[in-house]
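Each residue of the sequence shown is one higher than the one before, starting from 1052 at the first, in this note's numbering.
The beta carbon of each residue, even a glycine, is placed where N, CA and C say it ideally should be.
Below is one structure, written out as structure tokens; the observations come after it.
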Amino acid sequence: MTPRSFRPNYSARLFLIAALAIGLASPVSAEQAIGTTLARVLVLGTGGTIAGQASARAGNAYDSGKVSAANLIGAIPGIDKLSQISAEQISSIGSQDMNDKVWFDLVKRIRTAIDNKEVDGVVITHGTDTMEETAFFLQNVLDTDIPVVLVGSMRPSTAIGADGPANLYEAMRVASAPESRGRGVLVVLNDTIHAARWVQKTNTTSVETFRSPDAGPVGYVDTGALRFLQPAVPTNGAKLKLPDAPPLPRVDIIYSHANMDAAEVEDAVKRGAKGIVLAGVGDGNSSKGAIDALAAAAKQGVVVVRSSRVGSGFVNRNVEVEDDKLGFAVSLDLNPQKARVLLELLIANGITEPSAVQQAFAR
1052 MTPRSFRPNY
1062 SARLFLIAAL
1072 AIGLASPVSA
1082 EQAIGTTLAR
1092 VLVLGTGGTI
1102 AGQASARAGN
1112 AYDSGKVSAA
1122 NLIGAIPGID
1132 KLSQISAEQI
1142 SSIGSQDMND
1152 KVWFDLVKRI
1162 RTAIDNKEVD
1172 GVVITHGTDT
1182 MEETAFFLQN
1192 VLDTDIPVVL
1202 VGSMRPSTAI
1212 GADGPANLYE
1222 AMRVASAPES
1232 RGRGVLVVLN
1242 DTIHAARWVQ
1252 KTNTTSVETF
1262 RSPDAGPVGY
1272 VDTGALRFLQ
1282 PAVPTNGAKL
1292 KLPDAPPLPR
1302 VDIIYSHANM
1312 DAAEVEDAVK
1322 RGAKGIVLAG
1332 VGDGNSSKGA
1342 IDALAAAAKQ
1352 GVVVVRSSRV
1362 GSGFVNRNVE
1372 VEDDKLGFAV
1382 SLDLNPQKAR
1392 VLLELLIANG
1402 ITEPSAVQQA
1412 FAR
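This is how it looks when you write it as structure tokens:
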């Protein structure tokens, strides 16, 4: 006779199915209770500290991108219970070397997986230095409600107290969850979930480096729970198209500072920049010489966007700088590195008129 504790509870099963139908039970709990097939998650490795190994250069030195995504997954106990996992290596680089080719390769593989109905979620292992830029790039070009989650670590895989295994486990949990659908591209580190538009790396070495200064996180996750702070909302605006092949149009970032002249702006124009993002002081301002040079560049057809080096807050139009008169757009909440990504995509799509550029930044 089957022990009571192991008898199938058909009444409970029927209740779960009915509760799911009217929204009383989450799909995750129902799947776990009645044994539904686990979600399929594709892990795409790009390298980074999470895949790093110790180096003899110094006590805390390491080399990025030495461990494959498959080996990272294989070292985490219990991760296979979260989802059906497949892993592929797109690149093995530190994210300081992230480039248009890798971005295009990621988009191509993700789109193929989605079009072929291979996956229910995607996880990308990535270095932290440019993770926010990759996440924001993907947010602007991927048209899907399937979760796409970027994850990394601040300590290499061989470090004492390596944070990569927990981060990757939690990213897999987010990518596997039905409630993650329709939330755009997400970044998961240190038990926290951030949206691609808002997230920034804010500390050189701390495991709490990723924050969203102007918005806050969108949720929290650990080994026992996943909590989003608000319902998913539809993304606003059409996605931008990619050229057939890299590279994207050249956009330079000019960093503003005291005693600045026009040389850096003029040099960017000479080197063929199609767009310039000013990492300005305060509310995206700069010296008279630099502003005059940017105005001259705008008259030559270079697209100019004012951002700020400050790290938080919004850049406003026409406060100290006459944007309407000079033909500038402002980045609003986007930091210089994200403003550059969006401007590259806009120019690639033929959007260069200042008012149209401004509308795109507002979306």
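The alpha-carbon separation between Gly1172 and Thr1088 amounts to approximately 14 Å. A contact is defined here as three or more CB-CB pairs under 8 Å, and the segment 1156-1168 fails this definition with respect to the segment 1249-1265.
Here Asp1114 is bridged, per DSSP, to Gln1104. In the DSSP assignment, Gln1135 falls within the beta strand (DSSP E) that extends over 1135-1144. Rounded to the nearest whole angstrom, the C-alpha separation of Ala1344 and Leu1291 is 30 Å.
Here the segment 1267-1276 does not lie against the segment 1313-1327, with fewer than 3 beta-carbon pairs under 8 Å apart.
If you look at Leu1240, you'll find it in the beta strand (DSSP E) that goes 1236-1240. For a cut-off of 8 Å, the C-beta gap from Ser1358 to Pro1387 is around 4 Å, short enough to register as a contact.
Ile1124 sits in a helix when the DSSP states are folded into three classes. Uninterrupted alpha helix (DSSP H) stretches at least 4 residues long and entirely within the segment 1179-1214 occur at 1182-1192, given in chain order. In this structure, the alpha-carbon of Ala1222 lies about 13 Å from that of Leu1123. Pairing Lys1117 with Leu1240, the inter-Cα distance amounts to about 20 Å. If you draw a straight line from the Cα of Ala1283 to the Cα of Glu1183, it is about 20 Å long.
Around Ser1106, the same chain offers Ala1112, Tyr1113, Asp1114 as residues with beta carbons nearer than 7 Å, after the five sequence neighbours per side are excluded.
If you draw a straight line from the Cα of Asp1180 to the Cα of Thr1100, it is about 9 Å long. The Cβ atoms of Ala1411 and Ile1402 lie closer than 8 Å to each other. Bridge pairing for Tyr1306: Ala1330 [DSSP]. Put simply, the backbone Cα of Val1094 is about 10 Å away from that of Ile1141. In the DSSP annotation of this structure, Val1392 is not part of any beta strand (DSSP E); the continuous alpha helix (DSSP H) holding it starts and ends at 1387-1399. Taking a C-beta distance under 8 Å as the contact criterion, Ile1398 and Val1354 qualify as a contact pair.
Contact check for Gly1178 and Gly1145: beta-carbon distance about 5 Å, within the 8 Å limit, so the pair qualifies. Less than 8 Å separates the beta-carbon of Leu1299 from that of Leu1396.
Assignment of Ala1347 by DSSP, reduced to helix, strand and coil, places it in the helix class.
For Ala1246, the uninterrupted beta strand (DSSP E) run begins and ends at 1243-1246, by DSSP. Here DSSP, grouped into helix, strand and coil, assigns Ile1402 to coil. Separation of Asp1265 and Ala1246 (C-alpha to C-alpha, rounded to the nearest whole angstrom) is 11 Å.
According to the DSSP secondary-structure assignment, Leu1383 is paired through a beta bridge with Val1366. Excluding five sequence positions before and after Tyr1220, the CB atoms of its chain that fall closer than 7 Å to its own CB belong to Ile1127, Ile1130, Thr1274, given in chain order. In this model, Val1408 and Asp1148 are separated by some 28 Å (Cα to Cα). Pro1216 is the residue among Phe1187, Leu1189, Thr1195, Pro1216 whose C-alpha sits nearest the C-alpha of Ala1102.
Nearest C-alpha to Lys1152 among Val1170, Thr1176, Thr1185: Thr1185. Nearest Cα to Val1332 within the set Asn1400, Ile1342, Asp1303, Gly1326: Ile1342.
Counting the other CB atoms within 10 Å of its CB gives Ile1175 a total of 16 or more, which places it among the buried residues. Residue pairing by DSSP places Val1354 opposite Gly1326 in a beta bridge. For Asp1196, the CB contacts under 6 Å within the same chain, skipping 5 residues up- and downstream, are Arg1232, Gly1233 in chain order. With respect to Val1392, Ser1227 sits apart: the two C-beta atoms are not nearer than 8 Å.
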